[in-house]
Amino acid sequence: GSGSSSYGIRTVAVTTDTPANYGLRVQAGGSGITDNYGVYIDNTSGGDYNYPIYQAGTTGTNVFNADTLLDGGAMLTSPYGGFGRFVNHLAYSEMFNQASWTKSGVTVSADATAAPDGPTSADRIDDDGAVGGGYVSQNETMADAGEEWVFSVWIKDNNTSGDISIEIDDNGSGSSTTLDIDPPTEWKRYWLTHTGTTGATQMTVIINHTTSLSDQFYVWGAQFEDFSTPGVYISTYNTAFTNTHYGLSLEGSDNIVLGKYARTDNAT
Numbered sequence: 001g002s003g004s005s006s007y008g009i010r011t012v013a014v015t016t017d018t019p020a021n022y023g024l025r026v027q028a029g030g031s032g033i034t035d036n037y038g039v040y041i042d043n044t045s046g047g048d049y050n051y052p053i054y055q056a057g058t059t060g061t062n063v064f065n066a067d068t069l070l071d072g073g074a075m076l077t078s079p080y081g082g083f084g085r086f087v088n089h090l091a092y093s094e095m096f097n098q099a100s101w102t103k104s105g106v107t108v109s110a111d112a113t114a115a116p117d118g119p120t121s122a123d124r125i126d127d128d129g130a131v132g133g134g135y136v137s138q139n140e141t142m143a144d145a146g147e148e149w150v151f152s153v154w155i156k157d158n159n160t161s162g163d164i165s166i167e168i169d170d171n172g173s174g175s176s177t178t179l180d181i182d183p184p185t186e187w188k189r190y191w192l193t194h195t196g197t198t199g200a201t202q203m204t205v206i207i208n209h210t211t212s213l214s215d216q217f218y219v220w221g222a223q224f225e226d227f228s229t230p231g232v233y234i235s236t237y238n239t240a241f242t243n244t245h246y247g248l249s250l251e252g253s254d255n256i257v258l259g260k261y262a263r264t265d266n267a268t
């Protein structure tokens, strides 16, 4: 049909119309212009804009915004967990003071501020003031040549003026990929990918602070995956979570609302 607008759920096989202002649209073909909707799923190209959640197919317009919950792999992700793919090859993903994280030129203050999921469990990275600059890092020995890996971590600023980066390095030829960031004072999840070079048998994820003495910033929720985009966040402790799973992952609060007024805690 054509001229459709202001509906809740619509399924379209082929269309050339211009629908707008709806809650959920599933489209298998066509090239109509769509706008102002809640969820839109499409496997062809088209002009799409003004939506909080969108997943296109191979020829469509894919949008990844760190402030939304749906990434380019059609996974619902948030600091509280989510629905989709989850794996994490890093140990102590929220505890950068542990020995699994190598530290140089910085110190780590544990549980220094509220984490993205609420509890006071996020760490602060403090430049040690000796020469300026430093890093925390962790090795992953399962990575091989030709494999693409993605590193993600939540970061927010305290008193720096930028000069922060995240990096993936491999031991094949000293090859690395770096993302320079200037984080705001609110949490944001940053990520980058790297493909192992010839001879690579491990990769190292690094959070760098490159200059100013005595600067501080906060980190939480590091994740390393053998995929090209970040998946659902899953926390780890002394053992990495190296087997990829698909489904629902719940992090953060242990309260689950099953229905109106239904709670799993003892609140009254």
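Sequential numbering of the sequence shown, starting at 1, is according to full-length UniProt numbering. Where is the CB? At the ideal position from N, CA and C, for every residue including glycine. Keep in mind the model is a prediction, meaning the values are calculated, not measured.
CB-CB under 7 Å to Ala145, same chain, minus the five flanking residues each way: which ones, in chain order?
Gly172, Gly196, Thr197, Thr198, Gly199, Ala200
Run of the beta strand (DSSP E) containing Ser165, from where it starts to where it stops
164-170
Quick check on the burial criterion: 16 or more other C-beta atoms within 10 angstroms. Buried or exposed for Leu248?
exposed
Return helix, strand or coil for Gln223, following the three-state DSSP convention.
strand
Pull up the distance between the alpha-carbon of Trp101 and that of Val219, whole angstroms please.
13 Å
Per-residue burial, Ala99 [other beta carbons within 10 Å of its own, 16 or more giving buried]
exposed
Cα separation between Glu94 and Leu192?
19 Å
For Leu248, three-class secondary structure by DSSP
strand
As a quick exercise: from Asp111, Val106, Asn139, Ala143, pick the residue whose alpha carbon is nearest that of Ile125.
Val106
Please report the Cβ distance between Tyr92 and Glu251, rounded to the nearest whole angstrom; I am assuming they are in contact, meaning their Cβ atoms lie under 8 Å.
15 Å between Cβ atoms; not a contact.
Is the beta carbon of Gly84 sitting closer than 8 Å to the one on Gly221?
no
Thinking Tyr135 and His209 are a contact (beta carbons under 8 Å), I'd like their distance in whole angstroms, please.
7 Å
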